[in-house]
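Colleague: All you need for the working numbering is the position in the sequence shown, starting with 1, plus 30. Cβ atoms here follow ideal geometry from the backbone N, Cα and C, with glycine treated the same way. Mind having a look at this structure? Questions to follow.
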Amino acid sequence: MLTRQLIPFLAAGLFVAACGPFSEGFVLEDGSVLNNGISAVNGAVEIGRDCRVNGEVSSVNGSISIEGGSTVGGIENVNGRIRLTEDVTVDGGIANVNGQINLGPGTHIEGDVETVNGSVMAEEKTVITGQVVSVNGLISLSGVQLAGIQSQNGSIRLDAGTEVNGPLTMKRSTGFSLQIGSPPEVIIGADVRVEGPLNFEREVQLYVHESATIGEVSGAEPVSFSGDEP
């Protein structure tokens, strides 16, 4: 799903390059309003506090950083970290190919948060109206509300009363895959709620806190634990 979305993004990036995107990065000062999107190639995008970008923020080969209280239309990145601090609003999804996605407290995302090679980490009071999706990377959510979770080869950790209002799915690897080492861990911590089913199409180590509430489990045997760690 993510790769299908990013193919047109990459093609669009080549087109925009001819139109002159920012080739050495871009900085938007605190409190600024921009009625267009931001596109950068081989440079970082830095958006200050309390800014508004009425368009998509995208980068190829550079990080994207958005400071507190700002709003943007959507975020896409190839080869770089995406970092949002507190109370940032994204009026569209977030997609990354190679790099971490870090969501600070109070972040609001309208859509999915997707990555191929990189972790997704979200802090308390973050709301994601769509799913968190990762192919190869840790998903770590603390005090987050979201619609669902999907992973393939990475571990999942849910803490601090995270609420998943839909399914949690671990997909089997497609094509040839040599799996070395321990299977991924899925840790469902204290006071976490997973309203939908938990479907595991590959081997995992599933740990569920005694205070957590989860839906029907298929493909794994839950191990109950108490305290902070299984």
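Measuring only the C-alpha atoms, how far is Glu251 from Gly245?
Modeller: One-based indexing of the sequence shown puts residue 251 at position 221. One-based indexing of the sequence shown puts residue 245 at position 215. The alpha-carbon atoms of Glu251 and Gly245 are separated by roughly 13 Å.
Colleague: Would you say Gly85 and Gly73 are within 8 Å of each other, going by their C-beta atoms?
Modeller: The count along the sequence shown starts at 1 and reaches residue 85 at position 55. The count along the sequence shown starts at 1 and reaches residue 73 at position 43. No, the pair does not count as a contact, with Cβ atoms beyond the cut-off.
Colleague: Decide if Gly134 is buried, meaning its Cβ has at least 16 other Cβ atoms within 10 Å, or exposed.
Modeller: For the purposes of this step, residue 134 is taken as the residue at position 104 of the sequence shown. It counts as buried.
Colleague: Under three-state DSSP, which class holds Gly85?
Modeller: Against the sequence shown, residue 85 aligns to sequence position 55. If DSSP states are grouped into helix, strand and coil, Gly85 belongs with the strands.
Colleague: Would Gly98 pass as a contact of Val120 if the rule is Cβ separation under 8 Å?
Modeller: Looking up residue 98 in the sequence shown gives position 68. Looking up residue 120 in the sequence shown gives position 90. Their beta carbons are not under 8 Å apart, which means Gly98 does not touch Val120 by this criterion.
Colleague: Under the assumption that Leu58 contacts Cys81 (Cβ atoms under 8 Å), give the Cβ distance between them as a whole number of angstroms.
Modeller: On the sequence shown, position 28 is the one that residue 58 refers to. On the sequence shown, position 51 is the one that residue 81 refers to. Yes, Leu58 and Cys81 are in contact; Cβ-Cβ is about 5 Å, under 8 Å.
Colleague: Throw me the rounded Cβ distance for the Glu144 and Val163 pair, which I believe falls under 8 Å.
Modeller: Within the sequence shown, residue 144 is the residue found at index 114, counting from 1. Within the sequence shown, residue 163 is the residue found at index 133, counting from 1. Going by Cβ atoms, the distance from Glu144 to Val163 rounds to 4 Å, so yes, they are a contact pair.
Colleague: Going along the chain, which residues of its own chain have a beta-carbon closer than 6 Å to the beta-carbon of Val63, five neighbours each way excluded?
Modeller: The residue you call residue 63 lines up with position 33 of the sequence shown. Arg82, listed in sequence order.
Colleague: For Asp142 versus Gly160, is the C-beta distance shorter than 8 Å?
Modeller: In the sequence shown, counting from the first residue as 1, residue 142 sits at position 112. In the sequence shown, counting from the first residue as 1, residue 160 sits at position 130. For Asp142 and Gly160, yes; Cβs fall inside 8 Å.
Colleague: Whose C-alpha, out of Glu233, Val146, Leu228, Val253, is nearest the C-alpha of Glu240?
Modeller: To locate residue 240, count along the sequence shown from 1; it is residue 210. For the residues Glu233, Val146, Leu228, Val253, the minimum Cα distance to Glu240 belongs to Val253.
Colleague: Name the residue from Asn66, Thr101, Asn126 whose alpha carbon lies nearest to the alpha carbon of Gly110.
Modeller: In the sequence shown, residue 110 corresponds to position 80, counting from 1. When only C-alpha atoms are compared, the closest one is Asn126.
Colleague: Where in the region 121 to 198 do unbroken runs of the beta strand (DSSP E), each at least 3 residues long, occur, reported from the N-terminal end onward?
Modeller: Complete beta strand (DSSP E) runs here, min 3: 124 to 128, 131 to 133, 143 to 147, 150 to 152, 157 to 166, 169 to 172, 175 to 181, 186 to 189.
Colleague: Decide if Thr204 is buried, meaning its Cβ has at least 16 other Cβ atoms within 10 Å, or exposed.
Modeller: Here residue 204 refers to the residue found at position 174 when the sequence shown is read from its first residue. Exposed, because fewer than 16 other Cβ atoms sit within 10 Å of the Cβ of Thr204.
Colleague: Short of 6 Å in beta carbon distance, which residues of its chain neighbour Asn66, apart from the five on each side in sequence? Order them along the chain.
Modeller: Locating residue 66 in the sequence shown gives position 36, counting from the first residue. If we look at Asn66 and ignore the five residues flanking it on each side, its Cβ neighbours are Gly85.
Colleague: For the beta strand (DSSP E) that contains Val118, what are its first and last residues?
Modeller: Working through the sequence shown from its first residue, we reach residue 118 at position 88. Where Val118 is concerned, there is no enclosing beta strand (DSSP E), given that its DSSP letter is neither H nor E.
Colleague: Among residues of its own chain, excluding the 5 on either side of Ala220, which ones have a beta-carbon nearer than 6 Å to its beta-carbon?
Modeller: For this step, residue 220 is matched to residue 190 along the sequence shown. The residues are His239, Ser241.
Colleague: For Ser212, which of Ser185, Ser256, Gln180 has the nearest alpha-carbon?
Modeller: Position 182 of the sequence shown, counted from the first residue, corresponds to residue 212. Ser212 has its Cα closest to that of Ser185, out of Ser185, Ser256, Gln180.
Colleague: Note down the Cα distance separating Leu236 from Ile218, rounded to an integer number of angstroms.
Modeller: Translated into positions along the sequence shown, residue 236 becomes position 206. Translated into positions along the sequence shown, residue 218 becomes position 188. If I take the Cα positions, the gap works out to 8 Å.
Colleague: Less than 8 Å between the C-beta atoms of Val165 and Gln182, yes or no?
Modeller: Locating residue 165 in the sequence shown gives position 135, counting from the first residue. Locating residue 182 in the sequence shown gives position 152, counting from the first residue. A contact, by the Cβ cut-off of 8 Å.
Colleague: Would you tell me roughly how many angstroms separate the C-alpha atoms of Arg79 and Gly122, rounded to the nearest one?
Modeller: Here the question's residue 79 lines up with position 49 in the sequence shown. Here the question's residue 122 lines up with position 92 in the sequence shown. Answer to the nearest angstrom: the Cα atoms are 19 Å apart.
Colleague: Go through its chain and collect everything with a Cβ distance to Gly249's Cβ below 7 Å, but skip five positions before and after it.
Modeller: Counting from one through the sequence shown, the residue named residue 249 turns up at place 219. These residues qualify, in order along the chain: Asn229, Phe230, Glu231.
Colleague: Go to Thr204, then tell me how far its beta strand (DSSP E) extends in each direction, as first and last residue.
Modeller: Within the sequence shown, numbered from 1, the residue matching residue 204 stands at position 174. Looking at the DSSP string, Thr204 is not in any beta strand (DSSP E), and its letter there is neither H nor E.
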